[in-house]
Amino acid sequence: MDFGFGSGDEGFRAEARDWLAGHLVGVYAELAGRGGPGSEHEGAEERRAWERELGGGGWIGLGWECAEGAYGNRVGSLTQQVVWAEEYARARAPGRVGHIGENLLAPTLLAYGDEAQRRRFLPAVARGEELWCQGYSEPEAGSDLAGLRTVAVRDGGGYRVSGQKVWTSLAREADWCFVLARTDPGERRHRGLSFLLVPMDQLGRIEVRPIRQMSGTAEFNEVFFDGARAPYVVGGEGAGWRVAMGLLARERGVSTLVQQIGFAAELAEVVAAAVRSGALRDPVLRDQLVKQWAELKVMRWNALRTLGAAGDAGAPSVAKLLWGGWHQRLGELAMRVRGAAAVLGPTGWSARAPYELDALQRLFLFTRADTLYGGSDEIQRNIIAERVLGLPRVERM
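Residue numbering for the sequence shown follows our numbering, beginning at 1325 and increasing consecutively.
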């Protein structure tokens, strides 16, 4: 793919940059850089207000494949989507709490939903008014998603959902959850699943429990459904696996490029720490930092190469393997460049605050999960082996 920015894109870049400069002021300016690893829930209410600010500016839904303004959004070309993502990251705008609705649910409804579902949900997402979470993983069905046990039974025009989901980001903030559940108990594995839309405000039928991590934060949650009402099914009953896999394929693309801008900022912080500590005098460590920089450049070129490409079954898995391992090694380097000082927090210990972490310590702890969440490295390698190289499939019970 011949990827490049034209004069129109640069005009769009100037518009995006001006808008961000004019709106990232006051309370929003205080959110700069918040919402990343280790600070996922900082300023939650202010960041929710920021979503409405973005919606008012027309910046939500640029990548939706629909007519301009069909659901209250404006549509941007592929290069304009990249421009917006780059400028957003460079402005250190707050971590998005609406990205699941914008980047996962909306494209899924456009591909598999009916027009009534699109009209109901997409305008609210475009305005930044409704937040979403994803109900996929379960305690016994993480990377092996087809083994899920959450069930849904018909109830009038909808379903009643019972079961447990885990590692659910933004479950405490979300208004809705899209849930993969078994609607045909007689089927096994990926057959008999349905993609349901569940409102989260169901007292007594939905319980959210934060999962406290070793970083001291609680980005993820357990969600328990006890006969929760699900008034919508996307793609029809029994089509859940097809819809769910279509959604997962949409987690790549422009978002990987903005992710890499964040990676570059983190790498710069690690290099600065190495300068302050004198660690750059170690030729081995210096070589590792240079290698980290070079690998980040390669990841960007690979992301640009595959951007907008269709039919490449292995591209998402290759990208996940690349950035997961890279980010984890960066977290390890963040500690190595500081030497013994890496084990000390920025403030003294107290009974009220047993430990505090600085940004690089949170980075290290967060990146331990990079090769697991979003599909473990083992699963990604299986996908490449089976779907790209044509190797025999592993029989799963």
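Virtual Cβ for every residue (Gly too), placed ideally from N, Cα, C.
If the criterion is Cβ atoms closer than 8 Å, does the pair L1504 and A1417 meet it?
no
With distances taken Cα to Cα, identify the nearest neighbour of F1544 among A1495, L1472, G1393 and S1401.
A1495
Measure the alpha-carbon distance for A1592 versus W1673 and round it to whole angstroms.
Their Cα atoms are separated by approximately 29 Å.
Based on DSSP bridge pairs, tell me the residues matched to S1486.
V1475 and D1550
Determine the contact status of G1437 and C1501, defining contact as a CB-CB distance below 8 Å.
Against a cut-off of 8 Å, the Cβ pair of C1501 and G1437 comes out as no contact.
Can you tell me which of A1589, L1620 and G1663 puts its alpha carbon nearest to the alpha carbon of G1357?
A1589
Thinking C-beta only, is L1684 closer than 8 Å to A1597?
Against a cut-off of 8 Å, the Cβ pair of L1684 and A1597 comes out as a contact.
In angstroms with no decimal places, state the Cα-to-Cα distance between A1554 and Q1441.
13 Å
Over what stretch of residues does the beta strand (DSSP E) that includes F1519 continue unbroken?
L1517 to P1523
Can you give me the Cβ contacts of Q1537 inside the same chain, cut-off strictly under 8 Å, excluding the 5 residues immediately before and after it?
E1543, F1544 and L1689
Locate the alpha helix (DSSP H) running through R1341, then write down its first and last residues.
Here the alpha helix (DSSP H) through R1341 covers S1331 to H1347.
Are three or more beta carbon pairs between the stretch 1331 to 1341 and the stretch 1400 to 1415 nearer than 8 Å?
yes
When you compare the stretch 1691 to 1707 with the stretch 1649 to 1659, are there three or more beta-carbon pairs, one atom per stretch, that lie closer than 8 Å?
yes
With which residues is L1613 paired in a DSSP beta bridge?
Residue pairing from DSSP leaves L1613 without any beta-bridge partner.
How many angstroms separate the CA atom of A1709 from the CA atom of T1474?
The straight-line gap from Cα to Cα measures roughly 29 Å.
What does a CB cutoff of less than 6 Å around W1456 pick up in its chain, not counting 5 residues either side in sequence?
I1424, G1425, L1429, A1498 and W1500
Measuring straight from C-alpha to C-alpha, what distance separates W1374 and Y1352?
7 Å
Look at the Cβ atom of L1609, then the Cβ atom of V1661, and state whether they are nearer than 8 Å.
yes
Use the C-beta contact count for A1618: other C-beta atoms within 10 angstroms, 16 or more gives buried, fewer gives exposed.
Exposed: under 16 other Cβ atoms inside 10 Å.
Applying the 10 Å Cβ sphere with the 16-neighbour rule, what's the burial state of K1615?
exposed
Within a Cβ cutoff of 6 Å, which residues of the same chain sit near A1448, ignoring the five residues on either side of it in sequence?
E1454
Tell me, which residues are paired with Q1458 by DSSP?
F1502
Mapping DSSP to helix, strand and coil, what is R1443?
If DSSP states are grouped into helix, strand and coil, R1443 belongs with the helices.
Just to confirm, is the Cβ distance from Y1483 to V1557 under 8 Å?
Yes; because the gap between Cβ atoms is below 8 Å, this pair is in contact.
Please return the same chain residues whose Cβ sits closer than 6 Å to the Cβ of S1461, not counting the five positions on each side in sequence.
V1490 and W1491
Just to check my reading of the structure: G1586 and L1681 have Cβ atoms closer than 8 Å, yes? What is that Cβ distance to the nearest angstrom?
Contact between G1586 and L1681 is absent: CB atoms are separated by about 18 Å, not below the 8 Å threshold.
Can you tell me which of the three DSSP states P1418 falls into?
coil
Going by Cα to Cα distance, which pick from E1370, R1371, Y1395 and E1389 is closest to G1382?
When each option's Cα is compared against that of G1382, the closest is Y1395.
Assign M1325 to one of three DSSP states: helix, strand, or coil.
At M1325, the pLDDT of 46 sits below 50, so the modelled position is not reliable; the number obtained from the coordinates is stated separately. In this structure, M1325 counts as coil in the three-state DSSP scheme.
Kindly indicate the opening and closing residues of the alpha helix (DSSP H) around P1463.
From DSSP, P1463 is part of no alpha helix (DSSP H); its letter is neither H nor E.
Are the beta-carbon atoms of F1549 and I1530 separated by less than 8 Å?
yes
Could you say which of G1380, L1604, V1399 and S1493 lies nearest to W1388 if we only look at CA atoms?
V1399
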